[in-house]
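A short worksheet on the structure shown next.
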Amino acid sequence: EKNGYEHYMLKEIHEQPDALRRVLANRVSTQGVNLDEIGLTAEELKKYSQIQVVACGTAYYSGMVGKYIIEELARIPVKVDVASEFRYSNPIIDKDTLVIVVSQSGETADTLAGLRLAREKGAEVLALTNVVGSTIAREADRVLYLKAGPEIAVASTKAYLTMVSVFYLLAVQFAKIKGTINDDEYMGLVSDLIRLPELASETIKVSEEKAKEKARYFIDYDNSFYIGRNFDYTIALEGALKLKEISYLHAEAYPAGELKHGPLALIEEGIPVVAVVTRRSLYDKMLSNIKEVKARGANITAVAIAGDAEVEKAVDDVIFIPECNEFFSGLLAVIPLQLLAYYTAVGRGFDVDQPRNLAKSVTVE
Ligand code: F6R
Numbered sequence: 244e245k246n247g248y249e250h251y252m253l254k255e256i257h258e259q260p261d262a263l264r265r266v267l268a269n270r271v272s273t274q275g276v277n278l279d280e281i282g283l284t285a286e287e288l289k290k291y292s293q294i295q296v297v298a299c300g301t302a303y304y305s306g307m308v309g310k311y312i313i314e315e316l317a318r319i320p321v322k323v324d325v326a327s328e329f330r331y332s333n334p335i336i337d338k339d340t341l342v343i344v345v346s347q348s349g350e351t352a353d354t355l356a357g358l359r360l361a362r363e364k365g366a367e368v369l370a371l372t373n374v375v376g377s378t379i380a381r382e383a384d385r386v387l388y389l390k391a392g393p394e395i396a397v398a399s400t401k402a403y404l405t406m407v408s409v410f411y412l413l414a415v416q417f418a419k420i421k422g423t424i425n426d427d428e429y430m431g432l433v434s435d436l437i438r439l440p441e442l443a444s445e446t447i448k449v450s451e452e453k454a455k456e457k458a459r460y461f462i463d464y465d466n467s468f469y470i471g472r473n474f475d476y477t478i479a480l481e482g483a484l485k486l487k488e489i490s491y492l493h494a495e496a497y498p499a500g501e502l503k504h505g506p507l508a509l510i511e512e513g514i515p516v517v518a519v520v521t522r523r524s525l526y527d528k529m530l531s532n533i534k535e536v537k538a539r540g541a542n543i544t545a546v547a548i549a550g551d552a553e554v555e556k557a558v559d560d561v562i563f564i565p566e567c568n569e570f571f572s573g574l575l576a577v578i579p580l581q582l583l584a585y586y587t588a589v590g591r592g593f594d595v596d597q598p599r600n601l602a603k604s605v606t607v608e
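No gaps in the numbering here: position 12 of the sequence shown is 255 in full-length UniProt numbering, and each next residue is one more.
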């Protein structure tokens with residue numbers, strides 16, 4: 244069933260373009276975004292004064308991308324909490340809050356408890372889940388299925404891409420309804436969304452060898468840093484989590500501008516640093532953060548937009564991703580980070596699909 248791949252994780256990474264095709268099918272076309280399946284009218288959507296995302300792990304990181312995109316495009320405040328904290332808090336939510344719970348398995352105990360708390364408080368719950376008929380799907384008011392197909396490897400890959408895609412759909416739809424973008428901007432975003440599967444496929448093609456090569460360097464280092472700004476920072480978080488969980492190497496993700504408030508003290512000769520640089524608006528800031536760590540001897544791998552000669556000059560290695568709409572490039576940037584984690588874990592000889600201490604579905608607290 245591994246289809247010739249050595250591990251499920253690698254197979255699932257390669258299935259990502261198809262997973263994206265499925266999650267976007269019938270939900271976006273040249274006519275625009277269509278989320279009628281959740282049964283919310285424009286009037287109902289407009290009444291939400293805030294969005295609260297509740298999830299764990301990788302699903303939580305997908306919510307962080309959602310926050311940046313929804314706030315930027317639709318100007319609705321979005322709060323994102325890990326479910327194990329949210330469930331024991333006294334959240335300020337009410338009937339005008341849309342609570343979005345995100346869970347690949349649909350069975351994560353903390354996320355389910357968060358869902359129940361939100362409903363007790365009178366909020367509407369929209370679930371993003373991959374498993375049809377799962378507990379979270381059954382208990383939520385509305386569901387958008389991720390359609391990623393079965394995910395077997397413990398480390399989540401294709402489910403994450405579909406989660407982020409659904410947040411994109413929601414952001415674009417909300418923005419249209421709220422009138423925070425004009426028709427041209429809307430149609431521009433829509434046509435870029437349609438291209439995502441093809442861009443993901445190209446990203447795998449152009450980045451796999453490079454990620455594999457660079458993994459050899461990571462094998463020997465116990466510590467690494469992943470840096471980025473704005474939603475590139477959330478991609479850094481997800482990339483660092485992948486490395487930790489399967490290669491058992493410590494990786495710390497940091498907002499690049501925060502380095503000088505502490506962690507810069509840890510940068511020493513040779514330490515691997517991964518820099519995610521896809522945000523045009525923050526390009527110069529990132530470049531100076533890269534130079535900051537380079538000056539202290541770090542070995543930098545950048546994930547950047549194809550043709551970025553300036554970043555290429557400033558770092559040790561660069562993994563290029565195809566040019567695309569700035570809002571969606573983060574999604575592509577995660578792919579080389581998944582591959583880097585995968586090949587590092589393989590190089591260290593670990594059981595990639597079944598990392599120690601971890602379970603695919605965390606149904607106990
Ligand atoms: C990381 C990973 C975990 C899960 C988390 C939530 O690769 O797989 O962090 O994302 O346990 O699981 P779900 O999405 O099933 O609620």
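Think of the CB as a built atom: it goes at the ideal place given N, C-alpha and C, for glycine as much as any other residue.
Which residues mark the beginning and the end of the alpha helix (DSSP H) in which residue i is found?
i, result
"Thr284", "Per DSSP, Thr284 belongs to no alpha helix (DSSP H) and is neither H nor E."
"Ile489", "474–490"
"Leu387", "First-last for Leu387: 385–388, but that is the beta strand (DSSP E), not the alpha helix (DSSP H)."
"Val554", "552–557"
"Leu253", "251–257"
"Thr521", "Careful: Thr521 lies outside any alpha helix (DSSP H) and carries neither H nor E."
"Asp560", "It is not in any alpha helix (DSSP H) - Asp560 instead sits in the beta strand (DSSP E) that spans 560–564."
"Gln295", "Here Gln295 belongs to no alpha helix (DSSP H); instead the beta strand (DSSP E) covers 293–298."
"Val536", "526–537"
"Leu412", "401–421"
"Glu244", "That residue, Glu244, is in no alpha helix (DSSP H); it is neither H nor E in DSSP."
"Ala380", "378–382"
If we call anything under 8 Å between Cβ atoms a contact, is residue i one with residue j?
i, j, result
"Met406", "Leu389", "yes"
"Ile578", "Ser572", "no"
"Tyr491", "Gly482", "no"
"Lys421", "Lys289", "yes"
"Leu267", "Gln416", "no"
"Ala302", "Val345", "yes"
"Cys299", "Thr354", "yes"
"Thr544", "Asp527", "no"
"Phe329", "Val297", "yes"
"Tyr291", "Thr340", "yes"
"Ser467", "Ile533", "no"
"Leu404", "Val276", "no"
"Gly471", "Ala499", "yes"
"Glu569", "Arg522", "yes"
"Asn473", "Tyr304", "no"
"Ala402", "Ala391", "yes"
"Leu253", "Tyr476", "no"
"Ala361", "Ile336", "yes"
"Leu583", "Lys457", "yes"
"Gln581", "Thr423", "no"
"Ala443", "Leu263", "yes"
Over the uninterrupted beta strand (DSSP E) stretch that includes residue i, give me the two end residues.
i, result
"Phe593", "Element bounds for Phe593: n/a, residue is neither H nor E."
"residue 185", "In the structure as shown, the chain begins at 244 and stops at 608. Residue 185 is therefore absent and cannot be evaluated."
"Gly357", "No beta strand (DSSP E) holds Gly357; the alpha helix (DSSP H) holding it covers 352–363."
"Gly471", "466–471"
"Asn542", "542–548"
"Ser434", "Not the beta strand (DSSP E): Ser434 falls in the alpha helix (DSSP H), residues 426–461."
"Ile343", "340–346"
"Lys322", "321–325"
"Thr372", "367–372"
Let me know if residue i comes out buried or exposed under the rule of 16 or more other beta-carbons within 10 Å of its beta-carbon.
i, result
"Leu601", "exposed"
"Val561", "buried"
"Gln274", "exposed"
"Ile294", "buried"
"Lys556", "exposed"
"Asn333", "exposed"
"Glu451", "buried"
"Thr606", "exposed"
"Asn246", "exposed"
"Glu255", "buried"
"Ile313", "buried"
"Glu287", "exposed"
"Ala518", "buried"
"Val377", "Checking the sequence, you will find Ser at residue 377 rather than Val. Classification of Ser377: buried, given that the 10 Å Cβ count is 16 or more."
"residue 194", "With the chain covering 244 to 608 only, the question about residue 194 has no answer from this structure."
"residue 609", "Nothing in the structure corresponds to residue 609, since the chain is present only between 244 and 608."
"Arg265", "buried"
Taking only beta-carbon atoms, is residue i less than 8 Å away from chain C?
i, result
"Gly376", "Protein chains in the displayed structure number just one, and chain C is not present."
Below 8 Å on the Cβ atoms is my guess for residue i versus residue j; work out the distance and round it to an integer in Å.
i, j, result
"Val520", "Ala541", "Their Cβ separation, rounded to whole angstroms, is 15 Å, which puts Val520 and Ala541 out of contact at 8 Å."
"Leu387", "Val368", "Not confirmed; about 12 Å, so no contact."
"Pro260", "Ala398", "Actually they are not in contact, since the Cβ atoms of Pro260 and Ala398 sit about 19 Å apart, beyond 8 Å."
"His250", "Ile447", "With a Cβ gap of about 15 Å, His250 and Ile447 do not count as contacting."
"Ala366", "Lys338", "7 Å"
"Ala494", "Lys487", "5 Å"
"Gly590", "Arg459", "6 Å"
"Leu436", "Val271", "5 Å"
"Gly282", "Arg385", "7 Å"
Let me check you understand the geometry: is the CB of residue i closer than 7 Å to at least one non-hydrogen atom of the ligand MN?
i, result
"Ala370", "Among the ligands in the structure shown, the ligand MN does not appear; only the ligand F6R can be found there."
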